[in-house]
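*Asks:* Would you mind keeping the following structure in view while I ask a few things?
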Amino acid sequence: MNTEPVVLSVSAAAALAICFHISIIPHEIDFKIKRLLGLYVASIAGLYYLLHRETVTNPGTVTVLSATVFNAALTASILIHRMFLHRAGKFPGPFMARVSKFYSVFLSVKKMQYHKEVEQLHRKYGDFVRTGPREVSVIRASAVQTIYGAQSTCSRAPFYSQVADHPNCSLHASRDRVYHNLRRRAWDRGFSTAMLKDYEPRMGALTDLLIAQLRSRVGTPVDITTWSNYYSFDVMGDVGFGKSWGMLESGKLHKAINELHAAMALLGYIGQVPWLSRLLMELPAATKALKGFQDWCWKQMEEKKKAVAQFRPIEAFCWLAVETPSFGPWGARAVDSWVSVLPVRNLSAATRLFGRVEVLDKPRDLITWLLTDSKLDTKLPSQAINEDSRLIIIAGSDTTASTLAHAFYFLAKYPGAYKKLQNVLDAAFPGGDAEFSNATACGLKFLEGVIFETLRLKPAVPGGMLRMTPPEGLTIDEVYIPGDVVVSVPTHSIQRDERYYEKASEFIPERWMDEKAHMVKDKRAFIPFSKGTFGCVGKNLALMELRMVLAKVALNFELEFAEGENGSRIEEETKDTFTLTVTPLFVIFKEREK
């Protein structure tokens, strides 16, 4: 047997593997895996063809041997680089975290509480921990502004591209700062102060429906986690899409919530390895739950697109009929006939109807704002706006539901705090919940303290928001972090750090009031909504929801744990699936004695 072709093939495979690794080190290849696998398979097939054509003995054996050597050399090169030569190599951390991000997957699947695992790593290794081959977690208040602030030079990390690439992604997944700012314009308008005033009475009607449902269950165990989901989901249906999903009314779980939680569970398992997540998304059998939720969200968006498109010619007719003198009284009568059959609140252009209906000079829901944004109306890819529908539902319902459930947990656990909240609300709204207004509630410091303390101890997104350092790197205090390293500040951990909060593990709403302000040593360490350019755009809407529900419930009911419930499950079994998926919490509501 002539061994020369064998030696040549094997040597070339080893050299090619090392050269390939060196060539990809400066580049982000996370979402080119599919193409690279295709190239790999094609190369193996090509090698077999060449060997066969050259009449090499046992070309199949030589091909397999060459592929094996290539794989071994590539693996060895990657391991040596990550363990000894990597730019993030100076940071301490578990050995396996230096080798592979699959170590984070291992930590995630243990109990689905990755944020607590990261907290333990910081206790062991310090403020800077290497949690992946090129990933560093930082638990210092001074890092917040540098990594997340408006002037930060960091960009979003590859994690955000695991669903779709620019420009086909949602606002939340947009990694291009300029493009993100352009798209955020419509979102900011949809969550403006003026729009919040428009949303308030509609949100109030849904809150009253929640109160009615709780009243019908007085004295019996209520799973407040489930009802928090019903409420936040219905609110986002109204505010986001201008429609109701009817869960508060029916008291039944919409299938979309199950699909949402299944999709988020998948993200909790494999989201730590974005390229794997993207790869699995292209395998329908592996991501049935994710595709089910995605398809449902996209369907809601497509229905909304059709509705908005149908309104535009009608709006033009209304303008013509009302504003053109020659139409006279006939125009007004025609407009009246149109208005009588239209869902008026969804009209998106200014429509003056001589006082017959209210003046509608803006959209009445967030999606219409996005669809009618003049700067993006003809430029935004269809997939991008469809992805925004999923963002609205996840960010607008899942996170609020988690915070509500945890707020009720703390108020049931600390009855003194609940009683104090009732006293504050009684003084502010002596006529009961019918007098509630968000403007007044904003000034109630103890109510704000309850909300902030819940957000501090149980942030809806407990892990750190991942960012990529700029090519030149950055410095946090005295520590330099090289460029193209993924960094984050773990929200759950830093908000429970004794360096920044006195009695950091205790629920003390008064720490957010003047009387105990010293208990918050550094407000930079409070980041439940993140900060800066990529911060939560719906923050003020979420706070209004929380104020309204907590206030109206406290004004109407006494609250306590149901028999056999002590809240331990919500501490031990709530899962980190990027957002928190909260376990059932059973409480008892009782009518207040007036």
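Position 89 (the sequence shown) corresponds to 89 in UniProt numbering; numbering is contiguous. Beta carbons: idealized from backbone N, C-alpha and C, even for Gly.
#1: So residue 488 packs on residue 496, CB below 8 Å; how close in whole Å?
#2: Which class does residue 516 belong to by DSSP, given the choice of helix, strand or coil?
#3: Keeping to the same chain, check which residues put their C-beta closer than 6 Å to that of residue 6; ignore five residues upstream and five downstream.
#4: Given this structure, state the Cα-to-Cα distance separating residue 561 from residue 99, to the nearest angstrom.
#5: Which residues bound the beta strand (DSSP E) around residue 575?
#6: Where DSSP assigns a beta bridge to residue 138, which residues make up the other side?
#7: Alpha carbon to alpha carbon, how far is residue 537 from residue 221?
#8: Please specify which runs of the beta strand (DSSP E), each continuous and at least 3 residues long, are wholly inside the region 130 to 206, giving them in chain order.
#9: Given a cut-off of 9 Å on the beta-carbon distance, is the pair residue 419 and residue 507 in contact?
#10: Where does residue 25 sit, in a helix, a strand or coil, going by DSSP?
#11: How far does the beta strand (DSSP E) with residue 590 in it reach, from first residue to last?
#12: Need the endpoints of the alpha helix (DSSP H) that residue 418 sits in, please.
#13: Just verifying my parser: in three-state terms, what is the DSSP assignment at residue 346?
#14: Roughly how many angstroms separate the alpha carbons of residue 532 and residue 11, rounded to a whole number?
#15: Whose C-alpha, out of 462, 447, 468, 568, is nearest the C-alpha of residue 511?
#16: Kindly identify the DSSP beta-bridge partner or partners of residue 221.
#17: Using a Cβ distance threshold of 8 Å, determine whether the region 164 to 176 contacts the region 378 to 391, with at least three qualifying pairs required.
#18: Exposed or buried, what is residue 576 when buried is set at 16 or more other beta-carbons lying within 10 Å of its beta-carbon?
#19: Counting Cβ pairs, one atom from each stretch, are 3 or more of them under 8 Å apart for the region 46 to 55 and the region 28 to 37?
#20: Would you mind giving the Cβ-Cβ distance between residue 272 and residue 101, rounded to the nearest angstrom? I have them listed as a contact below 8 Å.
#21: Identify whether residue 451 lies in helix, strand or coil by the three-state DSSP scheme.
#22: Quick check: the region 224 to 231 against the region 396 to 407, are at least 3 beta-carbon pairs closer than 8 Å?
#23: Under three-state DSSP, which class holds residue 480?
#24: So, helix, strand or coil for residue 320, using DSSP?
#25: Around the C-beta of residue 219, are 16 or more other C-beta atoms found within 10 angstroms, so that it is buried, or is it exposed?
#26: Quick one: measure Cβ to Cβ for residue 499 and residue 521, integer angstroms, because I've assumed they're closer than 8 Å.
#27: What is the C-beta distance between residue 467 and residue 155, in whole angstroms, given that I count them as a contact (C-beta under 8 Å)?
#28: Taking DSSP as the reference, what is the three-state secondary structure of residue 112?
#29: Buried or exposed: which applies to residue 278, given that a residue is buried once 16 or more other Cβ atoms fall within 10 Å of its Cβ?
#30: Report the option in 79, 390, 551, 491 whose CA atom is closest to the CA atom of residue 426.
#31: Quick check on DSSP: helix, strand or coil for residue 40?
#32: Identify whether residue 409 lies in helix, strand or coil by the three-state DSSP scheme.
#33: Once DSSP output is grouped into helix, strand and coil, what is the label at residue 560?
#34: Can you find the residues in the same chain that come closer than 6 Å, C-beta to C-beta, to residue 194, ignoring five residues on each side of it along the sequence?
#35: Could you spell out where the alpha helix (DSSP H) holding residue 77 opens and where it closes?
*Replies:* Quick look at the numbers:
#1: Not confirmed; about 16 Å, so no contact.
#2: helix
#3: Closer than 6 Å at the Cβ level, and outside the excluded window around residue 6, lie 62.
#4: 46 Å
#5: Residue 575 -> beta strand (DSSP E) spans 575 to 577.
#6: 128
#7: 35 Å
#8: 135 to 138
#9: no
#10: coil
#11: Where residue 590 is concerned, the enclosing beta strand (DSSP E) stretches over 586 to 591.
#12: 415 to 428
#13: Its pLDDT being 40, under 50, residue 346 is placed unreliably by the model, and the measurement read from it follows with that caveat. Residue 346: helix per DSSP, three-state reduction.
#14: Answer to the nearest angstrom: the Cα atoms are 51 Å apart.
#15: 447
#16: In DSSP, residue 221 forms a bridge with 588.
#17: yes
#18: buried
#19: no
#20: The beta-carbon separation of residue 272 and residue 101, rounded to 6 Å, stays under the 8 Å limit for a contact.
#21: helix
#22: yes
#23: strand
#24: Below a pLDDT of 50, predicted positions are generally treated as unreliable, and residue 320, at 47, falls in that range; the measurement from the model is reported next regardless. Residue 320: helix per DSSP, three-state reduction.
#25: exposed
#26: Distance from residue 499 to residue 521 at the Cβ level is roughly 7 Å; contact confirmed, criterion being Cβ atoms closer than 8 Å.
#27: About 7 Å; that satisfies the 8 Å criterion.
#28: coil
#29: A residue is called buried once 16 or more other Cβ atoms fall within 10 Å of its Cβ, and residue 278 is buried on that count.
#30: Of the candidates 79, 390, 551, 491, the one whose C-alpha sits nearest the C-alpha of residue 426 is 551.
#31: helix
#32: helix
#33: Three-state DSSP puts residue 560 in a strand.
#34: none
#35: 59 to 80
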